[in-house]
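K.L.:
Following this message is one structure expressed as structure tokens.
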Amino acid sequence: EPEVTQTPSHQVTQMGQEVILRCVPISNHLYFYWYRQILGQKVEFLVSFYNNEISEKSEIFDDQFSVERPDGSNFTLKIRSTKLEDSAMYFCASSDPGGYQPQHFGDGTRLSIL
Amino acid sequence: AQRVTQPEKLLSVFKGAPVELKCNYSYSGSPELFWYVQYSRQRLQLLLRHISRESIKGFTADLNKGETSFHLKKPFAQEEDSAMYYCAPHNNNDMRFGAGTRLTVKP
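Each protein sequence line maps, in turn, to chains C and F.
The first sequence: position 15 = 1001 (the numbering used here), numbered continuously.
The second sequence: position 15 = 345 (the numbering used here), numbered continuously.
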């Protein structure tokens, strides 16, 4: 069964540095998402992406964050000038088109900011 | 504002007992309702969705639009049901998760 894959599984970065988290969604999916889960807290929606543009974003997704689909397979989340509070698990998900389709999640990238 | 409430952070039952995980939501429009599950060391995965009206692994969920609730139920819990459960209303391309309920089924 096809899966969403995320790399790296764990990223350690110095505060103030930029980090790029990578995701390969399921190949025929057209909707892509990023979520964040700070340790001990709930899963939080960051952004959804369709047709090469952001379709929804949460209040968390400010100018520090950006997403890109640089080629036909990857979907990336860039975090600029990282802060300690950016430390979290970041999940990528993708879904079929056609309204309210279930999302398929990757295993996540654990981001640790030092 | 979109809001999802799962009032129980932790829920513990014995094997064979009934279990109900509560979810209340406050959402604009008519969201589609999902339950996702995360077993130990596994990724988040879909458990069931309201529109399918399916029973998955013995779980069902009833949508009560008047109470805006979508509680998850299983008549006889099994040890392998121990996991983290998230209620997730989905509206357009915006899906919000509840805080989650950690279910532990004891032998």
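From the three backbone atoms N, C-alpha and C, an ideal C-beta is built for every residue, glycine too.
No experiment lies behind these values; they were computed from the predicted model shown.
#1: Got a sec? Which residues, its chain only, sit under 7 Å from F364/F by beta carbon, not counting five neighbours each side?
#2: Roughly how many whole angstroms lie between the Cα atoms of S356/F and Q1050/C?
#3: Tell me whether E1071/C sits in a helix, a strand or coil according to DSSP, three-state version.
#4: Could you tell me whether the Cβ of P1011/C comes closer than 8 Å to any Cβ of chain F?
#5: Of all the options T390/F, P405/F, Q332/F and R426/F, which has the alpha carbon lying nearest to the alpha carbon of F344/F?
#6: Would you tell me roughly how many angstroms separate the C-alpha atoms of G1084/C and S360/F, rounded to the nearest one?
#7: Please go through the region 1005–1090 of chain C and give each complete beta strand (DSSP E) segment of 3 or more residues, from N-terminal end onward.
#8: Helix, strand or coil for E989/C per DSSP?
#9: Ignore the nearest five residues each way along the sequence and tell me which others in K1043/C's own chain have a CB closer than 6 Å to its CB.
#10: Which chain C residues are close to P430/F, counting only those with a beta carbon under 8 Å from its beta carbon?
#11: Take the Cβ of N1068/C as the centre, count every other Cβ of all protein chains shown within 10 Å, and call the residue buried at 16 or more, exposed below.
#12: What does a CB cutoff of less than 7 Å around S1081/C pick up in its chain, not counting 5 residues either side in sequence?
#13: Starting from the Cα of N354/F, find the closest Cα among V435/F, G428/F and L433/F and give me that residue.
P.N.:
Inspection of the coordinates gives the following:
#1: L376, R379, A418 and H420
#2: Answer to the nearest angstrom: the Cα atoms are 29 Å apart.
#3: helix
#4: With 8 Å as the cut-off, P1011/C does not count as an interface residue toward chain F.
#5: P405/F
#6: Roughly 16 Å between the two C-alpha positions.
#7: 1005–1010, 1017–1023, 1029–1036, 1039–1043, 1051–1054, 1061–1065 and 1074–1081, all fully within the region 1005–1090 of chain C.
#8: In the displayed model, E989/C falls within coil according to three-state DSSP, outside both helix and strand.
#9: V1033
#10: Note on residue identity: the sequence assigns Gly, not Pro, to residue 430/F. Chain C residues near G430/F: K1028 and V1029.
#11: The question names Asn, but residue 1068/C in the sequence shown is Thr. Label assigned to T1068/C: buried.
#12: H1015, Y1017, Q1087, P1088, Q1089 and H1090
#13: G428/F
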